[in-house]
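Chains as they are written, first to last, in the UniProt record's numbering: chain Z, 1 to 221; chain P, 1 to 221.
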DNA sequence: CATTTTTATGCAGAGACTGCAAAAATGCAT
DNA sequence: ATGCATTTTTGCAGTCTCTGCATAAAAATG
């Protein structure tokens, strides 16, 4: 008798690939949930890519995924959420990963490492390529996706607050987490615009280095 | 025969206070537009503050502002946009202000100065106090407002690209602008949480100083 | 196979937002 | 003042997102 919704799946985001690609884990139920979620995501991303985003309705997505329109909202809280490249699992792990970094690491280095892992996990997802295309063709959508970044930011705050022995409301902790997430966003954006000439990690490393140097100009490219 | 909307006001955001508080500038039309906009904003912010945001409909707002519901969307593109503390005028000026800063200033200093001006202008607006209350009681709304920050960010990118003689797509320029905006957001948030114990500029200065120091811990409070 | 728990679905409805065209208000020149 | 042009307001119809609720379908369990 949990106080949560009676209708929604108990775990809207089954872990598709936490440690490795454990595709066939869990019972039938879990497998079907993963399948449904992925079907919705793939249908949505493909439709977005082909027809633009405004032109695609939730009903369209569900039709292509062979799922009831009502069910869509059991998996995603909004139409655009299908574009979020990570799930609750990843986010929940983030705080722990921050704690797990070597103690001698500077905060920015730890942040870079953790976010680097997160984004690489996302890039290994089955829909990343199309997602990237969609976001490149429809930059307005980045706004919507950024909301999801906020959840990651909160996780970072949690992790660094503990790691540094400070409160979650600590200004430095907040600034650190927010800046790190912003750096991730800028890196992803630049990487996308550059037609994948350099690796994602390259941009990430370069930008974190800029942060370490106090954002002074002309130090790097 | 401009190709723009036939229905919307030509200038949805008349400049309420560009240089000084020029309340009575322009013809009757301009004055009425300002009045309508402000009426909507005040009604909305007050209702949000008293009843929460989800409980207030656009129709409610319009009823209190004595304006047709349809008209609301001539002034704001979404229900939450009434909470944005600056108008198009401010944003358009931003790029120019970046160019206007003394040439010897470091980028971060210029950014701090420009954003400091922007936020102070916003704080002088008639609805700032209530807006702050609303955002404190309903942190979810910060998400929606952040979208507006993105417009400021774009303006910063423009300004710094020119100031530094780089392209708008330059990675450093992007990172600089994005980080500056993020710092503004964190500063505002911390300032709000602290029940106005310190001045806004204090938080802003402190956080920009942290950036200059490469976000190393323990350097400041 | 009966029971319990979880998920999928259908239905109705609230509410945000848009396009369109008529009406009202304002600006302007005579 | 009066007539004409421009801009803003409004009403209306309609689309679409998203939610609550009740029920059917599915699957885990014993």
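We put the CB at the ideal spot given by N, CA and C, even for glycine.
Output the distance between the C-alpha atoms of residue i and residue j, rounded to the nearest integer angstrom.
{"i": "residue 37(P)", "j": "residue 128(P)", "result": "15 Å"}
{"i": "residue 137(Z)", "j": "residue 46(Z)", "result": "13 Å"}
{"i": "residue 110(Z)", "j": "residue 101(Z)", "result": "6 Å"}
{"i": "residue 133(P)", "j": "residue 86(Z)", "result": "33 Å"}
{"i": "residue 204(P)", "j": "residue 204(Z)", "result": "26 Å"}
{"i": "residue 32(Z)", "j": "residue 26(Z)", "result": "10 Å"}
{"i": "residue 190(Z)", "j": "residue 149(Z)", "result": "17 Å"}
{"i": "residue 43(Z)", "j": "residue 82(Z)", "result": "10 Å"}
{"i": "residue 162(Z)", "j": "residue 65(Z)", "result": "42 Å"}
{"i": "residue 88(P)", "j": "residue 92(Z)", "result": "38 Å"}
{"i": "residue 72(Z)", "j": "residue 48(Z)", "result": "16 Å"}
{"i": "residue 34(P)", "j": "residue 135(P)", "result": "24 Å"}
{"i": "residue 97(Z)", "j": "residue 40(P)", "result": "46 Å"}
{"i": "residue 223(P)", "j": "residue 80(Z)", "result": "In the structure displayed, chain P extends from 1 to 221; residue 223(P) sits before or after that span and is not available."}
{"i": "residue 68(Z)", "j": "residue 77(Z)", "result": "15 Å"}
{"i": "residue 30(P)", "j": "residue 174(Z)", "result": "42 Å"}
{"i": "residue 167(Z)", "j": "residue 28(Z)", "result": "42 Å"}
{"i": "residue 94(P)", "j": "residue 192(P)", "result": "24 Å"}
{"i": "residue 202(P)", "j": "residue 125(Z)", "result": "43 Å"}
{"i": "residue 171(P)", "j": "residue 147(P)", "result": "21 Å"}
{"i": "residue 70(P)", "j": "residue 84(P)", "result": "20 Å"}
{"i": "residue 21(Z)", "j": "residue 114(Z)", "result": "Only weak support is given to the placement of residue 21(Z): the predicted model assigns it a pLDDT of 34, under 50, and the value that follows is read from those uncertain coordinates. Looking at the two C-alpha atoms, the distance is approximately 19 Å."}
{"i": "residue 214(Z)", "j": "residue 160(Z)", "result": "20 Å"}
{"i": "residue 123(Z)", "j": "residue 90(Z)", "result": "13 Å"}
{"i": "residue 131(P)", "j": "residue 54(P)", "result": "15 Å"}
{"i": "residue 120(P)", "j": "residue 211(P)", "result": "21 Å"}
{"i": "residue 165(Z)", "j": "residue 165(P)", "result": "42 Å"}
{"i": "residue 218(P)", "j": "residue 169(Z)", "result": "15 Å"}
{"i": "residue 152(Z)", "j": "residue 112(P)", "result": "26 Å"}
{"i": "residue 216(P)", "j": "residue 116(Z)", "result": "20 Å"}
{"i": "residue 206(P)", "j": "residue 99(P)", "result": "24 Å"}
{"i": "residue 179(P)", "j": "residue 209(Z)", "result": "14 Å"}
{"i": "residue 181(P)", "j": "residue 63(Z)", "result": "41 Å"}
{"i": "residue 50(Z)", "j": "residue 75(Z)", "result": "23 Å"}
{"i": "residue 118(Z)", "j": "residue 176(Z)", "result": "17 Å"}
List the residues of chain Z that residue i touches, going by C-beta distances under 9 Å, in chain order.
{"i": "residue 107(P)", "result": "215, 216, 217"}
{"i": "residue 80(P)", "result": "Here the premise fails: no neighbours, minimum Cβ distance about 13 Å."}
Going along chain Z, which residues have a C-beta under 7 Å from residue i?
{"i": "residue 145(P)", "result": "What residue 145(P) touches in chain Z: nothing, since even the nearest Cβ is about 12 Å away."}
{"i": "residue 169(P)", "result": "193"}
{"i": "residue 164(P)", "result": "217"}
{"i": "residue 150(P)", "result": "143"}
Whose Cβ in chain Z lies nearer than 8 Å to the Cβ of residue i?
{"i": "residue 101(P)", "result": "Those within 8 Å of residue 101(P) in chain Z number zero; the least Cβ separation is about 14 Å."}
{"i": "residue 207(P)", "result": "171, 175"}
How would you list, in chain order, the residues of chain P whose beta-carbon sits under 7 Å from the beta-carbon of residue i?
{"i": "residue 184(Z)", "result": "Per Cβ cutoff of 7 Å: no residues; residue 184(Z) is ~10 Å from chain P at best."}
{"i": "residue 190(Z)", "result": "171, 174"}
Interface residues of chain P around residue i at Cβ under 9 Å?
{"i": "residue 234(Z)", "result": "Since the first residue shown for chain Z is 1 and the last is 221, residue 234(Z) is missing from the structure and cannot be characterised."}
Could you tell me if the beta carbon of residue i falls within a distance shorter than 7 Å of some heavy atom in the ligand COA?
{"i": "residue 154(P)", "result": "Looking at this structure, you won't find the ligand COA or any other ligand, since it has none at all."}
Could you say if the segment 141-152 of chain P and the segment 182-201 of chain P meet the contact criterion of at least three C-beta pairs nearer than 8 Å? Result yes; three or more Cβ-Cβ pairs closer than 8 Å.
Which ranges would you report for the alpha helix (DSSP H) in the segment 90-163 of chain P if only whole runs of at least 4 residues count? DSSP runs (the alpha helix (DSSP H)) wholly in the segment 90-163 of chain P: 107-123, 128-137.
Any chance the segment 191-201 of chain P sits against the segment 151-165 of chain Z, with 3 or more Cβ pairs inside 8 Å? Because the criterion of three Cβ pairs below 8 Å is not met, the segment 191-201 of chain P and the segment 151-165 of chain Z do not touch.
Are the segment 57-64 of chain P and the segment 104-122 of chain P touching by the rule of at least three beta carbon pairs closer than 8 Å? Too few Cβ pairs lie closer than 8 Å, so no.
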